[in-house]
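First up is the structure itself, then whatever we jot down about it.
Numbering (mature numbering (1 follows the signal peptide of the UniProt record, and there is no 0)), first residue to last: -23 to -1, 1 to 469.
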């Protein structure tokens, strides 16, 4: 390249940079209006940083907390439970849901599973037999918690949950019977959306959510939706009308961010409709799944350490399938809310829930699948899924007149380019060091989301607390000039 051309290009770059840094615009751009992004906005606002915009790709706030109409009800496509209630510490989400908003919630009692585990070809497995298998699995889990407490904090000695089971001589050849498979699935996949062979022992045993906040979980069945918690947080700093709808011009919906350019003294964000937003900082609150795609291009490319940290974590998939029937054919009464299908195919329509209390008279069932089954189901028609689920129910209840389902709701979080999954799962060997790298800012680009919550990833309260934590890091830089983010060595 000739020197004159090189100088000209430098002058163009300098002119563009001067235009960027001198442009009027919000001090902060928040990308994403899920719980973490909305929580971060409130923390910034509380600190006096109110000059910001929130760019949300969809036509609503809430992210993976999303109610939708189904069979005359509002049901939750994503997050449905407040998990971690009844302990010494108060879960902040439970405070808002239960005390402030007084949402209609129901305690979820799983103690009746031993008498509600169905055979693959119909009828119930003997209660005593199932109870003994569950008790054995509980013993092994408790032993795993004790073992996890002895491992080095760096994660260098971490192992899979499955490896821990083998060390305890539990299912030494793997869960080979249908009953052992469905119990194993209920204990691990149903919570983490991935199987024990890929789930970290150290990061899940014991689980901080239940250790700190309590063992109880409460199902949100309020027709206002679980997302009303997000709207409550947003309403504390975003302008609303008399109906409670957000009318604040700083919230911009249907703005799909495609590019984030960052400079030493500012950032520039471009959207798919060719709008350009400029600011001093940007807070990226999109899901881990989105970060692992090319939906958003970073310019310059994120440093290697950041890219590696993003791909060291898993974006799991948890699918709640709702089915509407013209009549009931399943047991009702105390201890029958949850029931299991012990199939010879692990994870095949395994965990069921009826809504006698939550949605009385609705004739609606919920079945949960995860991981590979979720991906398989997302790629087939709803009619195919409906036929499979009804076939399973007819096998479970051979003496009953099981009608065809009249309606079905199949969320497709994995196929949705704005989410690419439901929540993060920390794999084997990942610990505080990798978490610090995942959360760490890159220049003026900050990161938040449930995946950046060191102790509560995958949970609504994790997203809420992560938004506060990441905003605090930005505030320290913007207001106190404390911009260096220290990552302690992995083995320090």
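Positions of the beta carbon are idealized from the N, C-alpha and C atoms, including for glycine.
Checklist entry - In the DSSP assignment, what residue or residues form a beta bridge with residue 53? => result DSSP lists 44 as partners of residue 53.
Checklist entry - Looking at the structure shown, is residue 300 part of a helix, part of a strand, or coil, going by DSSP? => result strand
Item to check | N- and C-terminal bounds of the alpha helix (DSSP H) containing residue 391 | outcome: Residue 391 -> no alpha helix (DSSP H), and no H or E assigned at all.
Next on the checklist: Quick check on this structure: which residue in 31, 321, 304, 333 has the alpha carbon closest to the alpha carbon of residue 314?
Outcome noted: 333
Next on the checklist: Tell me the rounded alpha-carbon separation between residue -2 and residue 243.
Outcome noted: Residue placement at residue -2 is poorly supported in this model, since its pLDDT is 39, which falls under 50; the coordinates still yield a value, given next. Each residue's alpha carbon lies about 9 angstroms from the other.
Checklist entry - From residue 402 to residue 29, what does the alpha carbon distance come to, in whole angstroms? => result 31 angstroms
Next on the checklist: Alpha carbons only, please: which of 409, 235, 122, 230 is nearest the one belonging to residue 270?
Outcome noted: For the set 409, 235, 122, 230, the Cα lying nearest the Cα of residue 270 is the one of 235.
Next on the checklist: Would residue 36 pass as an interface residue toward chain B - the criterion being a Cβ-Cβ separation below 9 angstroms?
Outcome noted: Chain labels in this structure do not include chain B; a single protein chain is all it has.
Checklist entry - Cβ atoms of residue 380 and residue 177: under 9 angstroms apart, would you say? => result no
Item to check | Delimiting residues of the beta strand (DSSP E) encompassing residue 331 | outcome: 328 to 331
Checklist entry - Under the rule that 16 or more other beta-carbon atoms within 10 Å means buried, what is residue 153, buried or exposed? => result Counting Cβ neighbours within 10 Å, residue 153 comes out exposed, since fewer than 16 surround it.
Item to check | Span separating the alpha-carbon of residue 87 from that of residue 331 | outcome: 12 angstroms
Checklist entry - Hey, how far is the Cα of residue 463 from the Cα of residue 410? => result 11 angstroms
Item to check | residue 449 - DSSP class collapsed to helix/strand/coil | outcome: helix
Checklist entry - Do you know whose CA, among 438, 430, 457, lies nearest residue 447's CA? => result 430
Item to check | Secondary structure of residue 136, DSSP reduced to three states | outcome: coil
Next on the checklist: Per DSSP, what are the beta-bridge partners of residue 343 in this structure?
Outcome noted: 299, 330
Checklist entry - For residue 15 versus residue 207, is the C-beta spacing smaller than 9 angstroms? => result yes
Item to check | From 417, 124, 272, 340, residue whose alpha carbon lies closest to that of residue 465 | outcome: 417
Next on the checklist: Would you call the segment 56 to 75 in contact with the segment 222 to 234, where contact means no fewer than 3 C-beta pairs closer than 8 angstroms?
Outcome noted: No: the two stretches stay apart, fewer than three of their Cβ pairs being nearer than 8 angstroms.
Next on the checklist: Looking at the secondary structure, which residues open and close the alpha helix (DSSP H) in which residue 281 lies?
Outcome noted: 281 to 288
Checklist entry - By the 10 Å Cβ neighbour count, where 16 or more other Cβ atoms means buried, how is residue 133 classified, buried or exposed? => result exposed
Checklist entry - Hey, residue 385 and residue 272 are a contact pair by Cβ (cut 8 angstroms); roughly how many whole angstroms apart? => result Going by Cβ atoms, the distance from residue 385 to residue 272 rounds to 29 angstroms, so no, they are not a contact pair.
Item to check | Separation of residue 83 from residue 335, as counted between CA atoms | outcome: 7 angstroms
Checklist entry - Would the segment 19 to 34 and the segment 149 to 164 be scored as touching if the rule is three or more Cβ pairs under 8 angstroms? => result no
Next on the checklist: For residue 190, report the span of its alpha helix (DSSP H) as first-last.
Outcome noted: Note, residue 190: alpha helix (DSSP H), 185 to 190.
Item to check | Element boundaries [alpha helix (DSSP H), containing residue 14] | outcome: 12 to 23
Next on the checklist: Along the chain, where does the beta strand (DSSP E) containing residue 61 start, and where does it finish?
Outcome noted: Run containing residue 61: 58 to 62, per the beta strand (DSSP E) assignment.
Checklist entry - For the segment 191 to 238, which segments carrying the alpha helix (DSSP H) assignment without a break, of at least 4 residues, lie completely within its bounds, in sequence order? => result 205 to 211
Checklist entry - Opposite residue 317 in the DSSP bridges: which residues? => result Per the DSSP secondary-structure output, residue 317 pairs in a beta bridge with 94, 328.
Checklist entry - For residue 396, which residues from the same chain have a beta carbon less than 8 angstroms from its beta carbon, with the 5 sequence-adjacent residues on both sides left out? => result 40, 41, 264, 266, 267, 390
Checklist entry - So which of 204, 346, 460 has the shortest CA-CA distance to residue 74? => result 204
Checklist entry - For residue 47, does the count of other Cβ atoms within 10 angstroms reach 16, so buried, or fall short, so exposed? => result So residue 47 ends up on the buried side.
Next on the checklist: Looking at the strands, I want to know which residues DSSP matches up with residue 109.
Outcome noted: Paired residue(s): none; residue 109 is not in a bridge.
Checklist entry - Helix, strand or coil for residue 306 per DSSP? => result Coil, per DSSP.
Next on the checklist: So for residue 258, helix, strand or coil by DSSP?
Outcome noted: strand
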